[in-house]
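There are 2 protein chains.
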Amino acid sequence: MTTYWQKEIECMPREEIEKLQLKRTKGMLKRAYDRIAWFKKQYDAHGVKPEDFKELDDLSKFPLVQKDDLRDNYPFGLFAEPMENVIRIHASSGTTGKPILGGYTKHDVYDVFAEVNARSLNCCDVTSQDIIQNAYGYGLFTGGLGIHYGGEMIGATVIPISGGNTARQLMLMEDFGSTAITCTPSYMIYLAEEINKRGINRENIKLKVGIHGAEPWSEKMRKKIEELMPGMTAIDIYGLTEIIGPGVSVNCTVNRYKGLHIWEDHFLPEILDPKNDFERVAPGEKGEIAFSTITREATPLPRYRAKDITRLNYEKCACGRTHARHDKITGRTDDMLIIHGINVFPSQIESVLMDIPQLAGYYEIVVDRKDLGSLDKVTIRIELTEEHFSDKVKDIEAFTKEVADKLYSSLLFHAKIELVPPGTIPRSVGKAQRVVDMRADKI
Amino acid sequence: MTTYWQKEIECMPREEIEKLQLKRTKGMLKRAYDRIAWFKKQYDAHGVKPEDFKELDDLSKFPLVQKDDLRDNYPFGLFAEPMENVIRIHASSGTTGKPILGGYTKHDVYDVFAEVNARSLNCCDVTSQDIIQNAYGYGLFTGGLGIHYGGEMIGATVIPISGGNTARQLMLMEDFGSTAITCTPSYMIYLAEEINKRGINRENIKLKVGIHGAEPWSEKMRKKIEELMPGMTAIDIYGLTEIIGPGVSVNCTVNRYKGLHIWEDHFLPEILDPKNDFERVAPGEKGEIAFSTITREATPLPRYRAKDITRLNYEKCACGRTHARHDKITGRTDDMLIIHGINVFPSQIESVLMDIPQLAGYYEIVVDRKDLGSLDKVTIRIELTEEHFSDKVKDIEAFTKEVADKLYSSLLFHAKIELVPPGTIPRSVGKAQRVVDMRADKI
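As they're listed, the protein sequences go chains A and B.
In terms of the numbering used here, the first sequence is residues 23 to 465.
In terms of the numbering used here, the second sequence is residues 23 to 465.
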């Protein structure tokens with residue numbers, strides 16, 4: 023049985039959704055223009071006014087917003103509300119320099135952020151009967167608190183365990199009988215392997231759904247997680263700090279290989295062609311996704327470039343929901359590697375590697391360049407499983423060649439393969455760091 | 023101007039408070055008896071029934087609850103509600119073994135936990151105008167989420183930065199203009215010293231209040247924090263996972279040297295004499311404090327031994343609040359060291375050390391025993407300030423003797439003093455570990 027949090031919205035006829043989007047987008051553009059000096063300046067320079075937005079297609083007249091625009095306006099330059107109306111600030115996990123901020127009014131916390139997470143949890147069959155082990159990091163990062171508020175809203179039992187401390191994660195998973203877990207897909211693989219390694223009785227593991235996001239991952243990785251965790255369905259959840267955090271979109275359990283439902287009454291998506299001046303692509307075509315936050319008060323963001331490559335599907339889903347779905351995000355424009363002229367995403371490499379049973383599923387792509395102007399050198403460091411590492415040492419050369427050939431035949435590029443012993447690649451309790459860029463002159 | 027969150031409750035006449043307590047305690051005892059098998063068994067064995075509670079003094083007929091009772095009933099044996107009504111679980115930061123749990127219904131989260139923290143924040147002049155840098159750890163620990171919900175409830179801007187990452191703490195403190203900070207007192211000292219060490223412009227630090235708890239600390243430590251942070255008032259907040267988390271009691275800014283207001287409509291305090299069969303002591307006398315959670319649904323806890331030594335003061339406070347105050351907790355029964363027959367609390371040692379300007383305020387009490395039956399050996403390792411460390415090396419012996427003498431004249435026990443260079447004692451971002459117990463046969 024499909025569970026809905028707000029059936030009347032989730033299953034709203036397409037024309038109703040669009041009517042709502044039209045009204046909300048109008049309001050949002052006016053708020054941004056009237057309340058945020060930077061938007062007024064941008065729009066004036068661009069020769070557009072909020073009044074020029076009369077139908078949904080008019081949105082393309084308005085300029086896009088980029089990550090650097092957020093950095094340039096740090097900390098509060100893009101806030102539409104005085105601080106006394108802001109009850110929370112989240113920040114992106116930028117490793118260096120100033121972070122990217124999102125502000126939340128009470129409305130933003132409860133009527134947007136908690137609400138879309140409540141819907142997302144119901145969408146993958148998590149209800150008040152469930153015990154959610156929330157292993158996303160709590161704090162400035164949106165993951166932990168986003169799921170937390172959504173989980174409490176639907177009346178599930180939330181275990182705010184946050185990231186890390188694998189021994190405690192496993193102890194409480196058994197003791198509490200957690201039925202749902204939320205964490206990055208790479209940490210889920212690690213937890214699953216630890217369950218095996220520690221010989222934990224599978225009978226005590228009650229997990230029926232894993233909700234994984236915060237990094238791009240492949241369908242092959244989903245298959246691997248589900249193989250390692252019998253009885254558990256692996257669900258993809260998507261979001262970004264700039265838009266709201268997790269809960270922008272999510273798989274439904276009915277149809278999890280067919281994309282993620284975007285909560286379109288809050289987040290208006292567009293697919294754009296970065297090679298064609300960011301024109302909208304034809305329906306069903308791939309391109310870069312942009313979102314407009316059409317209900318958010320504190321930090322409204324019209325036409326924000328998410329830098330993720332995907333496509334939209336407006337067909338009504340078997341789960342009954344009418345909100346558009348986007349394909350699983352398998353790579354970000356930012357993450358794309360251009361290797362000897364070939365575009366390749368880490369997730370494409372991952373897909374190939376996940377098909378080779380001797381590999382443990384941990385890998386690292388090291389990009390290096392001897393000196394300016396010379397070709398990039400790519401080394402893919404891949405972990406063997408415990409079993410195959412000990413067995414195959416003598417065959418290592420042949421096996422290395424086999425992996426390199428598989429990568430070449432799928433992706434048409436040559437990489438140096440380095441097979442490493444189990445436990446060599448650093449484990450991540452948050453986002454996995456797949457690409458190590460050693461190029462001195464990298465942009 | 024004094025700010026109240028719920029003036030009608032916070033300033034309620036004494037007899038009204040007691041009427042409310044009577045009614046709520048009755049309900050709580052009945053719920054515990056009817057819904058929790060362990061309480062029924064205990065009370066039956068003790069020959070008491072909820073009906074025997076007719077006036078507040080009757081509470082002493084009911085047996086006390088100890089920490090071990092919670093451990094024995096791990097995980098859900100003391101829950102009064104089915105899990106589908108429980109929306110959150112917190113756990114104590116026990117370092118080994120199974121943790122101590124607290125369960126929360128929606129009522130417990132919003133109408134108890136968030137409410138008492140909202141009151142506590144107003145009680146120390148934090149309002150919707152403030153930016154709270156919440157540096158308590160988020161997750162299973164109650165500190166982070168307790169302040170978080172209270173802060174959002176009053177409409178302040180909460181920065182959920184969680185513990186650790188001092189560089190980021192200081193960056194956001196300047197960039198956001200945080201006006202309140204919440205963290206342990208020992209981490210506050212560390213932050214204050216880092217502000218000096220990094221030469222941060224004091225003009226950019228807007229903190230007007232620091233709300234410090236999660237470990238016992240002395241009035242001398244308050245003085246030191248306030249000296250290091252000009253313009254900031256240091257406030258003590260108290261709580262424990264078993265009762266609710268932070269917000270059980272708090273200083274008011276009007277009268278911060280005169281104890282912490284207990285939110286008595288939620289938590290009923292008693293002071294007991296551990297040396298006299300836990301009889302109630304006379305009003306104003308010192309003893310061990312016990313709390314009854316008289317409004318909590320998921321895990322009601324009648325007469326829980328907090329193991330903290332204090333006394334109660336029922337006088338109406340200058341701030342207008344009528345809720346009883348307890349003295350600053352300067353030591354837990356658990357923390358008390360018995361050194362050559364003398365009872366001593368780490369906070370008493372701290373008080374002496376804080377008066378010696380050459381010391382940096384970091385110390386560690388190392389208790390060791392050569393073999394079973396021999397006397398405990400106590401070494402107090404104390405950090406010198408940068409300035410005095412370099413200056414005074416030649417005088418170190420004389421100075422060591424001076425510190426030892428001061429400790430002896432105040433506390434009447436001899437300890438070995440070891441003066442160590444700045445930076446030697448480990449800094450804590452959470453609870454400070456003051457006592458290092460090396461005794462092999464410690465209990």
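All C-beta atoms, glycine included, are put in the ideal place defined by N, C-alpha and C.
Spatial distance of residue 465 (chain B) from residue 358 (chain B) (CA atoms): Since pLDDT at residue 465 (chain B) reaches only 34, below the 50 mark, its modelled position is unreliable, and no value is offered.
Span separating the alpha-carbon of residue 301 (chain B) from that of residue 87 (chain B): Rounded to the nearest angstrom, the two C-alpha atoms are 14 Å apart.
Residues that residue 335 (chain B) bridges to, as DSSP identifies them: Beta-bridge pairing links residue 335 (chain B) to B:347.
Residue 235 (chain A) - DSSP class collapsed to helix/strand/coil: Three-state DSSP puts residue 235 (chain A) in coil, outside helix and strand.
Inter-residue spacing [alpha-carbon to alpha-carbon] between residue 128 (chain A) and residue 310 (chain B): The straight-line gap from Cα to Cα measures roughly 41 Å.
Reduced DSSP secondary structure (H/G/I, E/B, other) of residue 64 (chain B): Of the three classes helix, strand and coil, the one that applies to residue 64 (chain B) here is helix, per DSSP.
Short CB-CB distance (under 9 Å) between residue 97 (chain B) and chain A: Chain A, which has a Cβ nearer than 9 Å to the Cβ of residue 97 (chain B), makes this yes.
Chain B contact residues for residue 324 (chain A), given Cβ-Cβ distances below 9 Å: Against chain B, a Cβ distance below 9 Å from residue 324 (chain A) picks out nothing, because the smallest value is about 23 Å.
Within chain B, partners of residue 14 (chain A) - CB distance below 9 Å: This structure cannot speak to residue 14 (chain A), because chain A is shown only from 23 to 465.
Contact set between residue 184 (chain A) and chain B, taken where Cβ atoms lie within less than 7 Å: Within chain B, the C-beta atoms nearer than 7 Å to that of residue 184 (chain A) come from 160, 161, in chain order.
Nearest candidate by alpha-carbon position, reference residue 294 (chain A), set A:343, A:173, A:304: For the residues A:343, A:173, A:304, the minimum Cα distance to residue 294 (chain A) belongs to A:304.
Exposed unless 16 or more other CB atoms sit within 10 angstroms - verdict on residue 430 (chain A): Counting Cβ neighbours within 10 Å, residue 430 (chain A) comes out exposed, since fewer than 16 surround it.
Endpoints, the alpha helix (DSSP H) within which residue 167 (chain A) is located: Boundaries of the alpha helix (DSSP H) harbouring residue 167 (chain A): 164–176, taken from the DSSP string.
Amino acids of chain B, ordered along the chain, whose beta-carbon sits closer than 7 Å to that of residue 198 (chain A): Per Cβ cutoff of 7 Å: 97.
Runs of alpha helix (DSSP H) lying entirely within the region 84–140 of chain A, each at least 4 residues, in chain order: Those alpha helix (DSSP H) runs which fall completely within the region 84–140 of chain A and span 4+ residues are 89–94.
Endpoints, the alpha helix (DSSP H) within which residue 365 (chain A) is located: Annotation: residue 365 (chain A) is outside any alpha helix (DSSP H); the continuous beta strand (DSSP E) that includes it extends over 364–366.
Distance, residue 94 (chain A) Cα to residue 190 (chain B) Cα: Each residue's CA atom was taken as its position, placing residue 190 (chain B) and residue 94 (chain A) some 19 Å apart.
Closest Cα partner of residue 345 (chain B) within the set B:35, B:27, B:23, B:24: When only C-alpha atoms are compared, the closest one is B:35.
CA nearest to the CA of residue 369 (chain A), picked from A:433, A:25, A:347: The shortest C-alpha separation from residue 369 (chain A) is found at A:433.
Under 9 Å by beta carbon: chain B residues contacting residue 151 (chain A): Within chain B, the residues whose beta carbon sits less than 9 Å from that of residue 151 (chain A) are 105, 106, listed in sequence order.
N- and C-terminal bounds of the alpha helix (DSSP H) containing residue 212 (chain A): Taken as a continuous stretch (DSSP letters only), the alpha helix (DSSP H) holding residue 212 (chain A) covers 207–219.
Neighbour flag for residue 264 (chain A) against chain B, beta carbons, 9 Å: No, because no Cβ of chain B sits closer than 9 Å to the Cβ of residue 264 (chain A).
Same chain, Cβ closer than 6 Å to residue 462 (chain B), neighbours up to 5 away in sequence not counted: Reliability fails at residue 462 (chain B), whose pLDDT of 49 lies under 50, so the model's placement of it is uncertain and no value is given.
Cβ-based burial, residue 59 (chain A) [other Cβ within 10 Å; buried from 16]: Residue 59 (chain A) sits exposed, since fewer than 16 C-beta atoms from the chains shown fall within 10 Å of its C-beta.
Local conformation of residue 385 (chain A) per DSSP, three classes: If DSSP states are grouped into helix, strand and coil, residue 385 (chain A) belongs with the strands.
Between the CA atoms of residue 315 (chain A) and residue 90 (chain A) - distance to the nearest angstrom: Their backbone Cα atoms lie some 18 Å apart in a straight line.
Buried/exposed call for residue 144 (chain B), threshold 16 Cβ in 10 Å: With 16 or more Cβ atoms within 10 Å of its Cβ, residue 144 (chain B) is classed as buried.
Three CB pairs or more closer than 8 Å across the region 138–154 of chain A and the region 255–271 of chain A: As far as the Cβ criterion goes, the region 138–154 of chain A touches the region 255–271 of chain A, which means the pair count is three or higher.
Buried or exposed by the 16-neighbour rule on C-beta atoms within 10 Å, applied to residue 218 (chain A): Answer is exposed; the Cβ neighbour count stays below 16.
Distance cut-off 8 Å: residue 434 (chain B) Cβ against heavy atoms of the ligand COA: This structure lacks the ligand COA; in fact it carries no ligand of any kind.
Assigned secondary structure, residue 419 (chain B) (DSSP; H/G/I helix, E/B strand, else coil): If DSSP states are grouped into helix, strand and coil, residue 419 (chain B) belongs with the helices.
Closer than 9 Å to chain A by CB, residue 122 (chain B): Residue 122 (chain B) does not count as touching chain A.
Enclosing beta strand (DSSP E) for residue 191 (chain B) [first to last residue]: Premise fails: residue 191 (chain B) lies in the alpha helix (DSSP H), 188–198, not in any beta strand (DSSP E).
Straight-line Cα distance separating residue 102 (chain A) from residue 57 (chain B): Rounded to the nearest angstrom, the gap between the Cα atoms of residue 57 (chain B) and residue 102 (chain A) is 50 Å.
Buried/exposed call for residue 336 (chain B), threshold 16 Cβ in 10 Å: Exposed, by the Cβ-count rule.
Below-9 Å beta-carbon distance, residue 454 (chain A) vs any chain B residue: Not closer than 9 Å to any Cβ of chain B, the Cβ of residue 454 (chain A) fails to qualify, so no.
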